[in-house]
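K.L.:
Chains as they are written, first to last, in this note's numbering: chain Z, 1 to 135; chain C, 1 to 92.
Shown below is the structure under consideration.
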């Protein structure tokens, strides 16, 4: 298991998703709506992805693959990876990560929406569809 | 600017400073051969460069990593998952 470092940018994205999920949950409870919101579903998938990544970055459900067009921030000979929070959905999220800076460490570089559609809906204050969850 | 003559096979050398670069050669204009250096991006990564929000987040993250600008404390992901599971349980 790797020790995990978060860039400030990645943590900000995570906290933004957290805040939205908490807000939706509170609003739903006030209205006594039982079905969880899209924001809560998305946040659960992001948190689960991060948890899997920290435990086993090679877990098949993460669909982790190398990102050739991005340079590793610590070592140009090494890679940056992308893990799927969701896939086969227009609102999918991605987690960019890399090994380092030290041995047995892993850095969460960024958590990003995948599509412009997801970005637009995010900026309007709602979230994209749930998509396919990691197993 | 310099003048070069192509050999019998239509080849010209640009010099070692261009070595290893990928270029696009545009011969659509019969009076002009245009050579433009390009950067190749895998097709499945192209979305990132079309999505300014995502690209900005990744670049900021990479800058943070290079400069050692890490979060003081990691988010409590396991705690968040517990909270989410409790929400699910209450929903049922």
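Glycine is no exception: its CB is placed at the ideal position from the N, C-alpha and C atoms.
1. Between the C-alpha atoms of residue 11 (chain Z) and residue 54 (chain C), what's the straight-line distance to the nearest angstrom?
2. Going by CA-CA distance only, name the one from C:16, C:36, C:31 that's closest to residue 23 (chain C).
3. Name the chain C residues that come within less than 7 Å of residue 44 (chain Z), Cβ to Cβ?
4. How is the beta strand (DSSP E) around residue 29 (chain C) delimited, first residue to last?
5. If distances are taken between C-alpha atoms only, which option among Z:115, Z:99, Z:105, Z:9 comes closest to residue 78 (chain Z)?
6. Rounded to the nearest angstrom, what separates residue 4 (chain Z) and residue 108 (chain Z) at their Cα positions?
7. Taking 8 Å as the CB-CB cut-off, is residue 67 (chain Z) touching chain C?
8. Pull up the distance between the alpha-carbon of residue 131 (chain Z) and that of residue 69 (chain Z), whole angstroms please.
9. Cβ of residue 47 (chain Z) less than 8 Å from any chain C Cβ?
10. Excluding five sequence neighbours on each side, which residues of the same chain lie with their C-beta closer than 8 Å to the C-beta of residue 2 (chain Z)?
P.N.:
Reading it off the structure:
1. The count along the first chain starts at 1 and reaches residue 11 (chain Z) at position 11. The count along the second chain starts at 1 and reaches residue 54 (chain C) at position 54. One C-alpha to the other measures close to 15 Å.
2. The residue labelled residue 23 (chain C) in the question sits at position 23 within the second chain. When each option's Cα is compared against that of residue 23 (chain C), the closest is C:36.
3. Taking the first chain and counting its residues from 1, one reaches residue 44 (chain Z) at position 44. 84, listed in chain order.
4. Numbered from its first residue, the second chain carries residue 29 (chain C) at position 29. Where residue 29 (chain C) is concerned, the enclosing beta strand (DSSP E) stretches over 22 to 29.
5. The count along the first chain starts at 1 and reaches residue 78 (chain Z) at position 78. It is Z:99.
6. The residue you call residue 4 (chain Z) lines up with position 4 of the first chain. The residue you call residue 108 (chain Z) lines up with position 108 of the first chain. Rounded to whole angstroms, residue 4 (chain Z) to residue 108 (chain Z) spans 7 Å at the Cα level.
7. Position 67 of the first chain, counted from the start, is the residue given in the question as residue 67 (chain Z). Cβ-Cβ to chain C under 8 Å: yes for residue 67 (chain Z).
8. Taking the first residue of the first chain as position 1, residue 131 (chain Z) is located at position 131. Taking the first residue of the first chain as position 1, residue 69 (chain Z) is located at position 69. With a pLDDT of only 42 at residue 131 (chain Z), under 50, the local geometry of the prediction cannot be trusted, and no value is derived from it.
9. Here residue 47 (chain Z) corresponds to residue number 47 of the first chain, with the count starting at 1. Taking Cβ atoms only, chain C reaches closer than 8 Å to residue 47 (chain Z), which makes this a yes.
10. Counting from 1 along the first chain, the entry for residue 2 (chain Z) is found at position 2. If the five residues before and after residue 2 (chain Z) are omitted, its C-beta is found closer than 8 Å to the C-beta atoms of 54, 57, 99, 104, 105, 106, all from its own chain and listed in chain order.
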